[in-house]
Structures are given as structure tokens and as C-alpha cells.
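Please read the structure below before turning to the comments.
2 protein chains.
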Amino acid sequence: MTQTALILFGHGARDPQWAEPMQRVQRAIQAREPQRRVALAFLEFMEPTLEQCVAQLADEGVTSIRLAPMFMAQSGHLKRDLPLQVEAAARQHPQLSIHIAGAIGEAPGVIDAMAEHILALD
Amino acid sequence: MTQTALILFGHGARDPQWAEPMQRVQRAIQAREPQRRVALAFLEFMEPTLEQCVAQLADEGVTSIRLAPMFMAQSGHLKRDLPLQVEAAARQHPQLSIHIAGAIGEAPGVIDAMAEHILALD
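Taken in order, these protein sequences are the chains called A and B. Read in order, the letters of the first sequence are residues 1 to 122 in the UniProt record's numbering. Read in order, the letters of the second sequence are residues 1 to 122 in the UniProt record's numbering.
As C-alpha cells, then:
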């Protein structure tokens, strides 16, 4: 049986508060679908790293991961760093398939929500 | 008469494609409210800088700016770099008031849209 998980993959920052919006997205997903396995992972400054996160999910028996990059746009981090990290994780866990989605800031629904929020600022 | 403008303030990147989602947010705002003045500005790698953008808006007669940080979360960039740049711009254009909003990734509507998008990935 395929066991699936989502990874919300963020840049990370020195300030621990930085991860809060990602944790809120994680909770919003789990409020809608409590049975989902949703993990966070970070490119730098924060843990777990992607390697640590994938190892944990593999230990749990996960065989299919969908990774959502929590970035405003495609950048060098997503075009170069992330694929290298995903390839390394896939080599360590050959039973796992990992699919990388587009940058969350490029999703049409997210773009609309950003526009609505900004127009409601005054 | 107060003349207002919005600035979408992003990190910037070496890759020119990086700015596309911000341009899409700009167009989504203008599709909803065509009379709005909506400008983009960048912290690094891209132009206009905030200084250049504010000078342009001041030339146009804008007296009140609302700045929306297009960042996933509050980081050192928003806590330290941005306030310094805004103070410098305000000193150069004392007729202008500039209000900084929270990071767009922290807006509840944006968080919900991110969660919905991720759940729809499979």
C-alpha cells in the first residue's frame, strides 16, 4: 500500500518565529484533512533539513512524498539546491518517490489571495 | 488631496523570472481596481530599489504609500533592512507617509489559499 506524505519545504531563517506561517499552513491542512501526514523541512538555518525529514518519513513507512516549496517564486534555491537535495534523498531511500511541486507563490489561488489581502489593507 | 500608492516589496533574485509572480499580483490588483497606482520594488538583485521606487512615486505627487512585503514571513530583512530603507526614503521625501504592512505569507487568507493549493496537488 502506498503511504503518502506532504513536505512543506521552506527557506528557513535565524529567527525561530520565521517558521510560524509555515506551521499555520501545516495546521490549516491538518484541520481540513486530519489523516494527512504533513511535515516541515528547511533549506538552511532551521531543522529538520530535507535529508532528516525524508529519513523520518521513510522510517514511518512513507513511500510517496509530495514536496511543496514555500517560496514566493522559483529561484536558484528551487532550480538548483532543491533538486540536488531531493536526488540525494532519493538515492538514500530508493523505495521512495518524491514529487516537487511549483513555488507556492506562483499558484493562481495564492496570487489572488495576496491581491485581495493587499487591497483590503487600507 | 492625498494621493495614494501601493508598493509590492520583494526580495529580488538574479533570475529575472523570479519577479513574475509579483507582477501577476500587481496585475490582479489592477484588474480589480484599475485606478490604483501599484509599484514593485526590490531589496536586492533587481530594480527599482525602494529608494528609486519612492522617488518615482513622489515625483508623481503621491503622498501616502502602503508597502506590502512579499515575503513568506517576517525575517531579518523585514525587521531590520526594510525599516532602515523606509526611514531613509521618508527623510528624502518628508511630505510622504509610508506604512509597512505585515509579511504577505502571514495573512490568514493567504495561509488558507496555500493550504487549499497544497491539498489539491495530488
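All C-beta atoms, glycine included, are put in the ideal place defined by N, C-alpha and C.
| Item | Value |
| --- | --- |
| Range covered by the alpha helix (DSSP H) that runs through leucine 57 of chain A | 50–59 |
| Interface residues of chain A facing glutamine 74 of chain B [CB-CB closer than 8 Å] | Asp15, Gln17, Trp18 |
| First and last residue of the uninterrupted alpha helix (DSSP H) at glycine 109 of chain B | 108–119 |
| CB contact below 8 Å: proline 46 of chain B versus chain A | Before going further, note that residue 46 of chain B is methionine rather than proline in the sequence given. So no, methionine 46 of chain B is outside the interface. |
| Beta-carbon proximity of residue 126 of chain A to glycine 10 of chain B, cut-off 8 Å | Only positions 1 to 122 of chain A appear in the structure, and residue 126 of chain A is not among them; the question remains open. |
| Min CB distance histidine 117 of chain A to chain B below 8 Å | yes |
| Completely contained alpha helix (DSSP H) runs for the segment 10–85 of chain A, where each covers 4 or more residues | 20–32, 50–59 |
| Host beta strand (DSSP E) of isoleucine 100 of chain B (start-end) | 97–100 |
| Other residues of its chain near arginine 37 of chain A: CB distance less than 6 Å, five sequence neighbours each side excluded | Ala5 |
| Integer-rounded CB distance, given that valine 54 of chain B should sit under 8 Å from alanine 89 of chain B | 4 Å |
| Separation of threonine 63 of chain A from glutamine 23 of chain B, as counted between CA atoms | 37 Å |
| Local conformation of alanine 5 of chain B per DSSP, three classes | strand |
| Beta carbon of isoleucine 118 of chain B nearer than 8 Å to that of alanine 68 of chain B | no |
| With 16 other Cβ atoms within 10 Å as the buried cut-off, status of glutamine 17 of chain A | exposed |
| Alanine 88 of chain A, DSSP secondary structure in three states | helix |
| Within 8 Å, strictly: CB atoms of aspartate 122 of chain B and arginine 66 of chain A | yes |
| Short CB-CB distance (under 8 Å) between arginine 37 of chain B and chain A | no |
| Chain B contact residues for leucine 6 of chain A, given Cβ-Cβ distances below 7 Å | Ile118 |
| Best match in B:Ala120, B:Leu43, B:Ser75 for proximity to phenylalanine 45 of chain A [C-alpha to C-alpha] | B:Ser75 |
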